[in-house]
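Residue 7 is where the sequence shown starts when you use the numbering used here, and the numbers rise one by one after that.
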Amino acid sequence: MIPVVRVKEVVAMRIGAIFILTAFLLTGCVHMKINQNVNALERIQKGDSQEAVLETMGPPDLRKDIGNNRSIVYYQTRAGAFNKDAAVTTDLCTPIAFEDGVVVSVGEDLADVWIQEEAAHLRQMEAEERRRREAEMKAASRQKVEQERLDKIADLEKKVKPVPASNAALNLKLYRQLLSLDPDNTRYQKKVAFYEARLVQQKKAREALAARNLEKKHRQAWEQSRDQRNKTLRRYTGNGIAEMAVHDMGPGSMYVWVKNVSRQVITTHPDHFILLDNQGNRVECTISSSLDSVLQPGAISHGKIEYNESVYPGELIFRNREAGRVGKSFQ
């Protein structure tokens, strides 16, 4: 009878022999595959098609696709530590890089470089897409602004059409707005010039009438009629851009209000005010600094004007470049 210990030794020896044989066979297979890959790689050159490479080399051990037109295949050409379950890694392989289906490199792993280039390409595409969207938004904004301009012109044309020519102030106001929307329109230019001249003529006619009326009044009647005069002076009148109201406070002083009735910003300043006497001569005045203002639409500037008490004022004029001319007659 064979001892049990002897049986165990025999079994162990047989298992060891089987393990060694299996390892030898596996190692031999791996080395055979590596040798095949090495020999086949000698026939691969730059410019070969991807189809030809795969036909020559067979299926790759590893593969990386980068972008739409680049890929890298890896073939094992070096043996690692013996482990039948160990996965093949790129450091045991020789890479073949393809671009547009053609070999561009054999042996150099371009994966990191290509990944960086692909990331940069994607960033560039994103930036170009942002610029395209911004350009589209700007174009849409310009189109919207242009359409709004055309709509405003159409609306103003409807408003100005029924206005009689005798209403020079309203015509001038509307045509100035139209001209600001379409500065090269010769029709609007002519209309603005015409109504500016018409307003000057009307203003001169009113001033001449006021001067004739002034001659009929007596000095004593001047003070007696102040209350009545102030009823007129305190009503705002103007040229469609600025309106002015005045209160005669008695000999040597008056209080003035200037209101912005336009859609634009105007300014008032002591230098913008001129006081004329009843003979049309300019009068030296002391004008309140509160009349130095920047007026938004609808805003009012006001202050006191003082002058020699022996003077009988004939007209107070407010005038500057943006507001035009507004006069307030004391007659």
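All residues carry an ideal CB built from backbone N, CA and C; glycine is no exception.
Practice prompt. Determine the burial state of residue 153: buried for a count of at least 16 other Cβ atoms within 10 Å of its Cβ, exposed for fewer.
Written response: Under this definition residue 153 is an exposed residue.
Worksheet item: Along the chain, which unbroken stretches of the alpha helix (DSSP H) at least 4 residues long are found entirely within the segment 230 to 302?
Response: 232 to 239
Discussion item. Considering just the uninterrupted stretch of the alpha helix (DSSP H) at residue 121, what are its terminal residues?
Written reply: 117 to 166
Fill in: Separation of residue 144 from residue 102, as counted between CA atoms
47 Å
Worksheet item: Does the count of Cβ pairs from the segment 287 to 297 and the segment 239 to 253 closer than 8 Å reach three?
Response: no
Discussion item. Rounded to whole angstroms, what is the Cα-Cα separation between residue 193 and residue 164?
Written reply: 15 Å
Practice prompt. Look at the Cβ atom of residue 256, then the Cβ atom of residue 240, and state whether they are nearer than 8 Å.
Written response: no
Discussion item. Three or more C-beta pairs under 8 Å: does that hold for the segment 93 to 109 against the segment 72 to 84?
Written reply: yes
Discussion item. DSSP three-state label for residue 203, please.
Written reply: Residue state, collapsed to three classes: helix.
Fill in: Nearest-angstrom Cα separation, counted from residue 162 out to residue 175
Answer to the nearest angstrom: the Cα atoms are 15 Å apart.
Worksheet item: Quick one: what does DSSP say residue 96 is sitting in, helix, strand or coil?
Response: helix
Worksheet item: Does residue 289 come within less than 8 Å of chain C when only Cβ atoms are used?
Response: Considering every chain present, this structure includes no chain C. It has just one protein chain.
Discussion item. Just verifying my parser: in three-state terms, what is the DSSP assignment at residue 43?
Written reply: helix
Discussion item. Going by beta-carbon coordinates alone, are residue 248 and residue 271 separated by less than 8 Å?
Written reply: no
Worksheet item: Measuring CA to CA, which of 328, 323, 305 is closest to residue 311?
Response: 323
Worksheet entry | residue 49 - DSSP class collapsed to helix/strand/coil | Three-state result, residue 49: coil.
Fill in: Boundaries of the beta strand (DSSP E) in which residue 337 is found, first to last residue
Residue 337 -> no beta strand (DSSP E), and no H or E assigned at all.
Worksheet item: What separation, rounded to the nearest whole angstrom, lies between the Cα atoms of residue 32 and residue 70?
Response: Reliability fails at residue 32, whose pLDDT of 44 lies under 50, so the model's placement of it is uncertain and the value that follows must be treated cautiously. Cα to Cα, the separation comes out at about 27 Å.
Worksheet item: If you run the structure through DSSP and keep just helix, strand and coil, what is residue 313?
Response: strand
Practice prompt. Between the Cα of residue 85 and those of 196, 39, 195, spot the shortest distance and give me the residue it belongs to.
Written response: 39
Worksheet item: Can residue 47 and residue 81 be called in contact, C-beta distance under 8 Å?
Response: yes
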